[in-house]
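Enquirer:
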Amino acid sequence: MTLALIVLLPFLGSLCAACLPASARNAEAWLAGIVATGCAALAASLFPEIAAGHVVRLSIPWLPQAGLELYLRMDGYAWLFTLLVSVMGALVVLYARYYMSPRDPVPRFFSFLMAFMGSMLGIVLSGNLIQLVVFWELTSITSFMLIAYWYHRPEARHGARMAAIVTGGGGLSLLLAVLMLGQIVGSYSLDDVLAAGDLIRAHRWYPAMLVLLAAAVLTKSAQFPFHFWLPHAMAAPTPVSAYLHSATMVKAGVFLLARLWPALAGTELWFWLICGGGAASLLLGAASATFQRDMKAVLAYSTVSHLGLITMLLGMNSELALIAAVFHMMNHATFKASLFMATGIVDHETGTRDLSRLSGLRHAMPLTATVAFVAAGAMAGVPLLNGFLSKEMFFTESLQAGGTGGLGIALPALAGLAGVFSVAYSLRFIHQVFFGPPATALPRTPREPTRGMLLPSALLVLGCLLIGMLPERTVGGALAIAAHALLGDRLPDYRLAIWHGFTASLLMSFVALAGGTALYVVLYVRGRALRRTPLISRLSGKRGFDVLNVTIFRGARRFVRTAFSQRLQVQLLLIVGAAAVAALLPLWRGGLAFGDAPLTPLDPTFAMLWLAGAICAVGAAVQAKFHRLMALIMVGCVGLVTSLTFAWFSAPDLALTQLTVEVITTVLILLGLRWLPRRIQFQEPLRHTLRARLRRSRDAAFAIAIGVGMAALAFAMLTRPGASRLGPFFLQNALEPAGGRNVVNVILVDFRAFDTLGEITVVGIVALVVYALLRRFRPAAESIDVPRAQREGLIGGGAHADPRALLPEGDLKIPAVLGRLLLPLAALVSVYFLLRGHDAPGGGFVGGLILATAMIVQYMVGGALWVESRLRIHPQVWIALGLLAAVAAGLAAWFAARPFLTAQVLELHAPLIGTVHLSSVLLFDLGVYLLVVGAALLMLVALAHQSLRSPRRELPGAVDGAAL
Amino acid sequence: MTTPGLPLWVTVPGTLLLVAGGLLAMIGALGLVRLRDFPSRMHAPTIGTTLGSGCVLVTSMLVSSAMLGRPVAHELLITLFVVVTAPITAMLLMRAAVYRDAIRKRSRR
Chain A
1 MTLALIVLLP FLGSLCAACL PASARNAEAW LAGIVATGCA ALAASLFPEI
51 AAGHVVRLSI PWLPQAGLEL YLRMDGYAWL FTLLVSVMGA LVVLYARYYM
101 SPRDPVPRFF SFLMAFMGSM LGIVLSGNLI QLVVFWELTS ITSFMLIAYW
151 YHRPEARHGA RMAAIVTGGG GLSLLLAVLM LGQIVGSYSL DDVLAAGDLI
201 RAHRWYPAML VLLAAAVLTK SAQFPFHFWL PHAMAAPTPV SAYLHSATMV
251 KAGVFLLARL WPALAGTELW FWLICGGGAA SLLLGAASAT FQRDMKAVLA
301 YSTVSHLGLI TMLLGMNSEL ALIAAVFHMM NHATFKASLF MATGIVDHET
351 GTRDLSRLSG LRHAMPLTAT VAFVAAGAMA GVPLLNGFLS KEMFFTESLQ
401 AGGTGGLGIA LPALAGLAGV FSVAYSLRFI HQVFFGPPAT ALPRTPREPT
451 RGMLLPSALL VLGCLLIGML PERTVGGALA IAAHALLGDR LPDYRLAIWH
501 GFTASLLMSF VALAGGTALY VVLYVRGRAL RRTPLISRLS GKRGFDVLNV
551 TIFRGARRFV RTAFSQRLQV QLLLIVGAAA VAALLPLWRG GLAFGDAPLT
601 PLDPTFAMLW LAGAICAVGA AVQAKFHRLM ALIMVGCVGL VTSLTFAWFS
651 APDLALTQLT VEVITTVLIL LGLRWLPRRI QFQEPLRHTL RARLRRSRDA
701 AFAIAIGVGM AALAFAMLTR PGASRLGPFF LQNALEPAGG RNVVNVILVD
751 FRAFDTLGEI TVVGIVALVV YALLRRFRPA AESIDVPRAQ REGLIGGGAH
801 ADPRALLPEG DLKIPAVLGR LLLPLAALVS VYFLLRGHDA PGGGFVGGLI
851 LATAMIVQYM VGGALWVESR LRIHPQVWIA LGLLAAVAAG LAAWFAARPF
901 LTAQVLELHA PLIGTVHLSS VLLFDLGVYL LVVGAALLML VALAHQSLRS
951 PRRELPGAVD GAAL
Chain B
1001 MTTPGLPLWV TVPGTLLLVA GGLLAMIGAL GLVRLRDFPS RMHAPTIGTT
1051 LGSGCVLVTS MLVSSAMLGR PVAHELLITL FVVVTAPITA MLLMRAAVYR
1101 DAIRKRSRR
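Protein chains in written order, with my numbering: chain A, 1 to 964; chain B, 1001 to 1109.
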């Protein structure tokens, strides 16, 4: 249970933080601080069990049939990381409290920071690999949000996008790797994977899986060749850089490498991939860091370099190197976070991070200078500080890992060179900022920061000192637990100590210190050379990324241009054609067999009805391009004929629905027609060119073929005996188990209620999309004018009618009065249809459409402004309420321990009224009703509001229709 | 309506009213086709929509009441709707026609 609490607590805190007001800086910080220390305390409370070598597990089954469960698992290694993440989190929260400006929207910051902490703890504690991927992606998302925290800055947006794409791609690759791993082992459980090391390494998928895993890990930990995102992520607020981009999130990659080390390491490929990537990052990062001007960029490249060091250690296939790697993860987190905090302090107090402008700050801020000085010493690997210890272990391992060949010389040489650079940039970082003559012309006058801001940094530096001087007493125990958890019986003999005697690695350490100092002196004297990294500055990963990005976008655009058309006719042709092909494929093989069910004799009246309908349909097709209004009217006639057909064959529900839908659709298209040219009058020759004729005959042939095909399909289906088997089933089951006499309605709200729920959700989404699209739409300048009749004063009314008048002036007066009388009546009818829907023709859908139609009539006769100054309808609220009601009706079944959306009946015996028969189905239908009203009104009103718009080029008019 | 149980006092007036309603509707439709200009044509279909549908509605009341054995008056509500909505349609149509004629007159000038 403690484990679940450790992961849940930050997410709960995140939710709470998001709800606090924007000015609650102290409350936010307290909340986040309590959450972080709470997680640390919970982890610490598990220490006795962990120290005894136990693994704490928590497994919550979710879908046991599919083998899915929530599995949290904490061993010594995970425990160490949990502690690191939560303690660092607490320190960063304290720091951020003083760093963030009162003007910043802090709820967003702390909310995402805590969500990140929860995701990171989730990675650390996941006992299931798929679950680990989920948390891995969550860290990418929260990191994106935090980098883009100041989203008004372009570099923040760019950096966030780059980080998201690179680490997101890595996440995808991790998912693939994990799936392959799961297939190899036969289980996604971490325990099983760790136990199946030999099987994995011998499997033929191993190389592919390892490459994918390496891609994931190298992107997350900002390793070469994916390191470029980290320096750009420095656009984030400094607490974020300290926490995510040095201490924890970038450690997720190396964390996973070490986690899977027992199962995957030990092969040649592992060595080349991991050690190679790490070595390249180590050297490139260190060299680049030496030549940066921005303090945070120095630290970012140095982070790349130090993570490279860890990756290299992990790639060396040696148990001792693994322990050194874990040790350096801890050490790096302490000194790098503290350096980031110091950088933030300098930035906060002076207003700049530019190394060439800063100088001599030790006079103004001696405490900060001391803290930064010690931390930078640890970064450089000065003896008696923690960085020295792990770096010396690294040198020892690099001397042994290469064997005796050329590699045996290359690895130590590379390690030494990187060490030289790391000393040089640490020295430069301290010397340029804190030494020399006091800087002039800084944006702000530097002074010592408040104690709260300095405290976390100082605590971390204290940790550096303690670990550096008394390693065995301070972290020896924790490291031993972690190493034991990783390696089990294979644990080698190792000793944490400052003094190992005069060894080659000690010599390397001192050579690096001396060489780094010499390098810095040379560069400083030459001065100008500090501008740009020699040799590799042209090798910009960012540029490559941008080029790739732009190429992909251009390619996609080109593909869209060639493969698709903006013309609706062509799109329609393609869609219908694709549907025809899809329908023809099975028919090609099986053929279309007509059944032999007896045919209903043809009624002459019905034949006349259909003849009229057919004429209207053909007329609509002919006029569609040249006289839209006429085409629309004829389409309406076709709809009417369809509706009558339904009524004729005793399907009153369908007839009603068809009728109301027809009305709404016609109004919708009419409102759209307002913005199109009234009539296209082609020049005669243009209308009769060969090309036009060909196109028209092609379209006609196509339309006829599709229509005939559909008719044939319908005929075949209806004449088969199978079609008659469905009906009796519904008829038998509608009344007895389902409790409704109207079978059509029972099918909609009960038999396939889940489909209906999906459908109304789609309707709601479509309405919102229409609204969102039209909100920014401005009609073309030539169609923006009020209609000619209104303009010339021939008729009154319209959208611009005076909203204050009780009745519109002129010839709309009587229709307005009658229309308003209609509204309550129509509302009554719509509710009547809703209530009786379950037993008689009607239902929520029809009722909703009726009410929407009545509302539209109000808009038509009164004008948008008139209606809305008296009657504020909020269609979005209707949509939301509708969905909520439908879902609530579904959830009601859970209280009776039945599946989702099972109808629940409640018999109430009320005085006076008698027995009331209440069903959750009615609530569901009410949801449909509310949603349909909201969706139809939202679309129609959004269209109607266009008449209040002015074209873009003019000033926003006195009447702004955007307020809906 | 071939329900055998209906009494004579329902079937006879009901049939007559139905036939009358149908005839009225047809006369209205013929008028729409035959009459010359828009204002005259406006009148023709209204015979069908008011008197014609009224006949059908009365029949419906008679038949439903007889079948259910109790007075049924839902049709009054339908009548109310027809009465309220028909003028709106007519006035809006007239308005459009007036406008069209005005435009035509202006362009002829």
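Glycine included, every Cβ here is placed at the ideal spot set by N, Cα and C. Source: prediction; values computed, not measured.
Considering just the uninterrupted stretch of the alpha helix (DSSP H) at G848/A, what are its terminal residues?
Expert: It spans 844 to 862 - the alpha helix (DSSP H) in which G848/A sits, taken as one unbroken run.
Enquirer: With three or more beta-carbon pairs closer than 8 Å as the criterion, would you say the segment 239 to 258 of chain A touches the segment 133 to 143 of chain A?
Expert: The segment 239 to 258 of chain A vs the segment 133 to 143 of chain A: in contact.
Enquirer: Whose Cβ in chain A lies nearer than 8 Å to the Cβ of T1085/B?
Expert: Near T1085/B (Cβ distances below 8 Å), the residues of chain A are L818, L822.
Enquirer: When you compare each of R836/A, L823/A, T404/A to V1046/A by their alpha carbons, which one comes out closest?
Expert: The requested residue 1046/A is not part of the displayed model; chain A covers only 1 to 964.
Enquirer: Taking only beta-carbon positions, decide if F1038/B is within less than 8 Å of chain A.
Expert: False, the Cβ-Cβ gap to chain A never drops below 8 Å.
Enquirer: Give me the subset of the segment 13 to 44 of chain A whose CB atoms are less than 8 Å from a CB atom of chain B, sorted by chain position.
Expert: Answer set for the segment 13 to 44 of chain A: empty.
Enquirer: State the Cα-Cα distance for the pair E397/A and L190/A, rounded to the nearest angstrom.
Expert: Using only the alpha carbons, I get a separation of about 28 Å.
Enquirer: Excluding the 5 residues preceding and the 5 following A1020/B in the sequence, name in chain order all residues of the same chain whose CB lies nearer than 7 Å to its CB.
Expert: Counting only Cβ-Cβ distances below 7 Å, and skipping sequence neighbours, we find C1055.
Enquirer: In or out: G406/A buried (at least 16 other Cβ within 10 Å) or exposed?
Expert: With fewer than 16 other Cβ atoms within 10 Å, it is exposed.
Enquirer: Count Cβ pairs between the segment 329 to 340 of chain A and the segment 369 to 381 of chain A that sit closer than 8 Å; are there 3 or more?
Expert: Segments in contact, yes.
Enquirer: For chain B, is any of its Cβ atoms less than 8 Å away from the one on L825/A?
Expert: It does: the Cβ of L825/A has a partner Cβ on chain B nearer than 8 Å.
Enquirer: Could you tell me which chain A residues have their CB closer than 8 Å to the CB of L1092/B, listed as they occur along the chain?
Expert: Under the 8 Å cutoff, chain A gives P815.
Enquirer: Taking the alpha-carbon positions, what's the L5/A to C39/A distance?
Expert: Distance between the alpha carbons of L5/A and C39/A: 8 Å.
Enquirer: Which residues, in chain order, does the segment 1022 to 1046 of chain B contribute to contact with chain A at a C-beta distance below 9 Å?
Expert: Under the 9 Å Cβ criterion, the segment 1022 to 1046 of chain B contributes no residue.
Enquirer: Pop quiz: A903/A and D755/A are said to be a contact at Cβ under 8 Å. What is the actual Cβ separation, rounded to whole angstroms?
Expert: No, A903/A and D755/A are not in contact; Cβ-Cβ is about 15 Å, not under 8 Å.
Enquirer: Check L912/A in the structure and name its three-state DSSP category.
Expert: Coil at L912/A, not helix or strand.
Enquirer: Under the rule that 16 or more other beta-carbon atoms within 10 Å means buried, what is A963/A, buried or exposed?
Expert: Note that A963/A scores 37 on pLDDT, short of 50, meaning its location in the model is unreliable and no value can be drawn from it.
Enquirer: Alpha carbon to alpha carbon, how far is I850/A from Y859/A?
Expert: Rounded to the nearest angstrom, the two C-alpha atoms are 15 Å apart.
Enquirer: Compare the Cα-Cα distances from W996/A to each of A364/A, A177/A, E69/A, L774/A and report the closest residue.
Expert: The displayed coordinates of chain A run from 1 to 964. Any statement about residue 996/A would go beyond what the structure contains.
Enquirer: Y98/A to L367/A, Cα distance in whole Å?
Expert: If I take the Cα positions, the gap works out to 17 Å.
Enquirer: For the beta strand (DSSP E) that R73/A lies in, which residues bound it at each end?
Expert: Note, R73/A: beta strand (DSSP E), 68 to 74.
Enquirer: Please state the DSSP three-state secondary structure of L361/A.
Expert: Here L361/A sits in helix by DSSP.
Enquirer: Rounded to the nearest angstrom, how far is the Cβ of T311/A from that of G266/A, given a contact under 8 Å?
Expert: About 16 Å separates the two Cβ atoms, so there is no contact after all.
Enquirer: Going by DSSP, name the residue or residues bridged to I60/A.
Expert: Paired residue(s): L70/A.
Enquirer: If you reduce the DSSP assignment to three classes, tell me which class L431/A lands in.
Expert: In the sequence on display, residue 431/A carries His and not Leu. H431/A falls in the helix class under three-state DSSP.
Enquirer: Go ahead and pull the three-state DSSP assignment for E448/A.
Expert: Reduced to three states, the DSSP call for E448/A is coil.
Enquirer: Which runs of the alpha helix (DSSP H) fall wholly inside the segment 615 to 667 of chain A and span at least 4 residues, in chain order?
Expert: The qualifying runs are 628 to 648.
Enquirer: List the DSSP bridge partners of E907/A.
Expert: Per DSSP, H917/A.
Enquirer: Between which two residues does the alpha helix (DSSP H) carrying S759/A extend?
Expert: One point to set straight first is that residue 759/A is Glu, not Ser, in the sequence displayed. Per DSSP, E759/A belongs to the alpha helix (DSSP H) from 753 to 775.
Enquirer: Note the first and the last residue of the continuous alpha helix (DSSP H) segment covering W878/A.
Expert: Run containing W878/A: 875 to 895, per the alpha helix (DSSP H) assignment.
Enquirer: Would you list the residues sitting across from D347/A in a DSSP beta bridge?
Expert: Answer is none; D347/A lacks a bridge partner.
Enquirer: Just grab the DSSP bridge partners of N128/A for me.
Expert: Beta-bridge pairing links N128/A to S189/A.
Enquirer: Given this structure, state the Cα-to-Cα distance separating R953/A from T666/A, to the nearest angstrom.
Expert: Because the pLDDT of R953/A is 45, which lies under 50, any placement of that residue in the model is unreliable, and the number read from its coordinates should be weighed accordingly. Answer to the nearest angstrom: the Cα atoms are 31 Å apart.
Enquirer: Out of curiosity, what's the CA-to-CA distance linking A1086/B and A556/A?
Expert: A1086/B and A556/A: Cα-Cα distance of roughly 55 Å.
Enquirer: Which residues in the same chain have their Cβ closer than 7 Å to the Cβ of G76/A, if we skip the five residues on either side of it in sequence?
Expert: Within the same chain, G76/A has close Cβ partners I50, I481, A482, H484, A485.
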